[in-house]
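Novice:
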Amino acid sequence: MVSVKNLSDTEVEIRGEINVADLESHRKGVIEKLQERVDLPGFRKGHVPENIIRERVGPIAILEDMAIEAIKSVYPAIIVEHKIAAIDRPEVTLTKIAEGSSLEFVIKQAVIPKVKLPDYKDIAKKAGVEVIEPAESEKDAEGKEVPKPTPEQLEQIKQNKKRERISDAMLENCKFIVPPVMVERQLDAFMDEMSARVESMGMKFDDYIKAMKREKASLRDDLRVEAEKRVRLSLILDTIAMEEKVEIPKEELDKEVGFLIKHNPEVSETDARSYIHGILRTQRVFTLLESV
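Mapped onto our numbering, the consecutive letters of the sequence shown carry residue numbers 19 to 310.
(1) In whole angstroms, what separates the C-alpha of Leu-241 from that of Leu-121?
(2) Contact between the segment 106-124 and the segment 262-279: three or more CB pairs below 8 Å?
(3) On the DSSP bridge list, what partners appear for Leu-58?
(4) For Ser-45, which residues from the same chain have a beta carbon less than 7 Å from its beta carbon, with the 5 sequence-adjacent residues on both sides left out?
(5) When DSSP builds the beta bridges, which residues end up paired with Val-20?
(6) Below 8 Å on the Cβ atoms is my guess for Arg-302 versus Val-264; work out the distance and round it to an integer in Å.
(7) Got a sec? Which residues, its chain only, sit under 7 Å from Val-38 by beta carbon, not counting five neighbours each side?
(8) Does the Cβ-Cβ distance between Ala-145 and Ala-187 come in under 8 Å?
(9) State the CB to CB distance for the pair Ile-266 and His-295, rounded to an integer number of angstroms; the pair is presumed to be in contact (CB under 8 Å).
(10) To the nearest angstrom, how far is the alpha carbon of Glu-217 from that of Phe-223?
(11) With burial defined as no fewer than 16 other Cβ atoms inside 10 Å of the residue's Cβ, what is the status of Ala-229: buried or exposed?
(12) Across which residues does DSSP place Lys-126 in a beta bridge pair?
(13) On a Cα-Cα basis, can you pick out the residue from Gln-53, Asp-57, Lys-101 and Glu-35 that is closest to Asn-24?
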């Protein structure tokens with residue numbers, strides 16, 4: 019028996035009960051895992067008798083392990099059945115646990131918020147684009163002439179500007195609460211990117227921060243607003259992609275994933291596929307918005 023209640027736009031509470039038989043079905047597996055971990059004189063590893071395991075570990079600890087395994091076995095089905103867009107690890111509390119009794123539990127789960135889209139096509143249409151006509155002759159900081167962009171470069175500048183204007187308009191017209199855990203993940207990504215750039219120049223990131231007379235915590239705080247904007251825009255674009263049923267052909271995805279892994283062998287295929295899929299889908303959404 020399971021019930022789900024919304025605590026906020028970014029968190030749900032799941033209350034559930036697991037009967038005695040289902041709970042007990044996990045006892046053997048828990049005992050076997052404990053037998054592999056417990057090392058006692060006079061016994062081969064993995065062959066410590068169950069009664070000695072119970073004495074050594076304690077029946078309550080065994081029961082709690084059984085409870086965790088039981089919850090893990092039903093949790094995926096709960097997520098699917100109740101269409102919970104879970105992010106991050108669930109916070110599990112055992113509210114009733116005893117030998118010969120059913121198990122009751124409460125789970126607090128962070129979730130992706132539901133994004134109520136504005137008229138995104140109308141917003142994109144009105145966003146427009148400023149025509150960029152660079153001067154015949156521009157100079158850099160040293161007074162040297164900067165070559166005029168080629169037609170291809172100018173087209174790319176125009177496209178980037180339009181996408182920026184569309185993004186800003188979407189953010190302005192679509193307000194919702196962003197889960198803190200998603201912002202923290204984006205901040206982690208920003209910090210990793212900064213560290214990689216610094217280290218590519220032959221300097222340790224910690225030394226770079228000291229040279230700037232800064233601390234990592236203050237750098238994260240400086241990036242927090244931008245991180246929230248990045249997450250918010252990503253959720254908006256993902257929702258538009260679902261609304262428009264944007265799909266990426268398998269052949270195209272496989273080709274791009276193969277190229278990425280070839281040049282970055284340390285990246286796993288799962289991570290590469292997720293990363294490339296996100297980029298390609300975002301590009302298609304922007305193409306759609308630019309065409310209205």
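Think of the CB as a built atom: it goes at the ideal place given N, C-alpha and C, for glycine as much as any other residue.
Keep in mind it's a predicted model, so treat the numbers as computed, not measured.
Specialist: Considering the structure as presented:
(1) Numbered from its first residue, the sequence shown carries residue 241 at position 223. Numbered from its first residue, the sequence shown carries residue 121 at position 103. If you take the alpha carbons of Leu-241 and Leu-121, they lie about 44 Å apart.
(2) The segment 106-124 and the segment 262-279 do not touch, with fewer than 3 CB-CB distances between them shorter than 8 Å.
(3) What you label residue 58 is simply residue 40 of the sequence shown in a count that begins at 1. When beta bridges are read from the DSSP output, Leu-58 appears opposite no residue.
(4) Start at 1 with the first residue of the sequence shown, and residue 45 comes out as number 27. The amino acid occupying residue 45 in the given sequence is Arg; Ser does not appear at that position. Residues of the same chain with a CB within less than 7 Å of the CB of Arg-45, apart from the 5 flanking positions on each side, are Met-84 in chain order.
(5) What you label residue 20 is simply residue 2 of the sequence shown in a count that begins at 1. DSSP, once it has assigned bridges, lists Gly-34 as partnering Val-20.
(6) As a working note, residue 302 is residue 284 in the sequence shown. As a working note, residue 264 is residue 246 in the sequence shown. Going by Cβ atoms, the distance from Arg-302 to Val-264 rounds to 5 Å, so yes, they are a contact pair.
(7) The sequence position of residue 38 within the sequence shown is 20, counting from 1. Within the same chain, and ignoring the five residues on either side of Val-38 in sequence, the residues whose Cβ sits closer than 7 Å to its Cβ are Gly-118, Ser-119 and Ser-120.
(8) Looking up residue 145 in the sequence shown gives position 127. Looking up residue 187 in the sequence shown gives position 169. In contact: Ala-145 and Ala-187 (Cβ atoms closer than 8 Å).
(9) Taking the sequence shown and counting its residues from 1, the one referred to as residue 266 is at position 248. Taking the sequence shown and counting its residues from 1, the one referred to as residue 295 is at position 277. The Cβ separation is near 6 Å, so the contact holds.
(10) Position 199 of the sequence shown holds residue 217. Position 205 of the sequence shown holds residue 223. The alpha-carbon atoms of Glu-217 and Phe-223 are separated by roughly 6 Å.
(11) Mapped onto the sequence shown, residue 229 falls at position 211. Here Ala-229 is exposed. Its C-beta has fewer than 16 other C-beta atoms within 10 Å.
(12) For the purposes of this step, residue 126 is identified with residue 108 of the sequence shown, where counting begins at 1. According to DSSP, Lys-126 bridges with Glu-31 and Glu-109.
(13) Position 6 of the sequence shown, counted from the first residue, corresponds to residue 24. Considering only alpha carbons, the answer is Lys-101.
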